[in-house]
Every structure is written in C-alpha cells, then in structure tokens.
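Working notes, beginning with the structure itself.
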Amino acid sequence: MGLGEMVAMLEKRNCRMGSCSRSAITTLDRQALCLNHFLLRCYEKLEGFDPRGRKFSAEPVDLVSMRAFIEECSRKALDVSLQSENLSNLQRGRLLDILLWAGELFLLLRAPRLTLVQSAASSEVPLSASGASQGF
Ligand SMILES: [Zn+2]
Numbered sequence: 016m017g018l019g020e021m022v023a024m025l026e027k028r029n030c031r032m033g034s035c036s037r038s039a040i041t042t043l044d045r046q047a048l049c050l051n052h053f054l055l056r057c058y059e060k061l062e063g064f065d066p067r068g069r070k071f072s073a074e075p076v077d078l079v080s081m082r083a084f085i086e087e088c089s090r091k092a093l094d095v096s097l098q099s100e101n102l103s104n105l106q107r108g109r110l111l112d113i114l115l116w117a118g119e120l121f122l123l124l125r126a127p128r129l130t131l132v133q134s135a136a137s138s139e140v141p142l143s144a145s146g147a148s149q150g151f
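Here the sequence shown is numbered in our numbering, starting from 16 and rising by one per residue.
So this is what it looks like as structure tokens:
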C-alpha cells in the first residue's frame, strides 16, 4: 500500500475517543485517533511505563508490551510530524517531546536492570537524606 492510499484510508475515519468527531490522523493500538488524542494517549502510556514516575506499589512493568508501545508510538509520532503540514508549534513540540521520551525509555529497556534509583543527581546525596526528605 502506498503512502497516499494510507492517508486516504485514514482520512475517512474518525477519532475513536469518546465523543470526539475529528478525523483520525493516525492509529495507536489499532485505534484511529486524531492528533490531540494521539498525543494524549502517548503521554498517558509513556507516563505509565516510565519507571521514574512509578510508585513502588505499582504493578510490575510488562516489558514486552512496553517495548511494543514505545516502538509504535515513536514511529507514529515521527510519521505524523513528517506528514502533517498544519501542525502548530505546540503540537510539533509535543511530538518531539514524545519522540525523545520514547527514545529514553527505549534506552532504559536495554539497560541490564530497570533500576533508576541511582541517577546522576541523587547519587551524590546520602541515601538516608534523600529517602527521608523526598518520601520515596
Ligand atoms: Zn480525538
């Protein structure tokens, strides 16, 4: 299928989120989404996967689905930013933000262990002090 056909196919579909009736610009998880809902879904999922934002009580990360999502969302974000001519600066910024975030998470996935306790900043603070003051 050529790119033109793919775009034509997408143009006939509407966003599947709630009562949103804007035309879909891409798909994520096989759901047709408009640009704003695509951005929203990417942020939600990336936030859920990012170990830096997770609490200890959270469910363990499913690495397989995390990897699949990261690959899909970064590919789609790149597609959208290259194909769409009417993006605002804010929308472009968000697409770039998602690309960078997904890239970071992808690097984390390839790290031997998914532990981020020792970031550059926190490694200089004694463990007792950082644990007590930040509450995690
Ligand atoms: Zn929508």
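In this text, a Cβ means the ideal position worked out from N, Cα and C, and glycines have one as well.
When you compare the CB positions of residue i and residue j, do they come within less than 8 Å of one another, or not?
i, j, result
"residue 117", "residue 61", "yes"
"residue 79", "residue 66", "no"
"residue 18", "residue 106", "no"
"residue 122", "residue 92", "no"
Given residue i, which residues of its chain have a CB within under 6 Å of its CB, disregarding the five upstream and five downstream residues?
i, result
"residue 96", "110"
"residue 37", "30, 49"
Output the boundary residues of the beta strand (DSSP E) element that contains residue i.
i, result
"residue 43", "41-43"
"residue 48", "46-48"
Could you name the residues of the same chain whose beta carbon sits closer than 8 Å to that of residue i, not counting the 5 residues immediately before and after it, in chain order?
i, result
"residue 81", "64, 120, 124"
Got a sec? Which residues, its chain only, sit under 7 Å from residue i by beta carbon, not counting five neighbours each side?
i, result
"residue 42", "48"
If you follow the alpha helix (DSSP H) that residue i is in, where does it begin and where does it stop?
i, result
"residue 118", "104-125"
"residue 95", "78-98"
Exercise. How do the stretch 86-99 and the stretch 28-39 stand: do at least 3 beta-carbon pairs fall below 8 Å, yes or no?
Worked result: no
For this session: Starting from the N-terminal end, write out each residue whose C-beta falls within a distance shorter than 7 Å of any non-hydrogen atom of ligand 1.
Result: 30, 32, 35, 37, 48, 49, 51, 52
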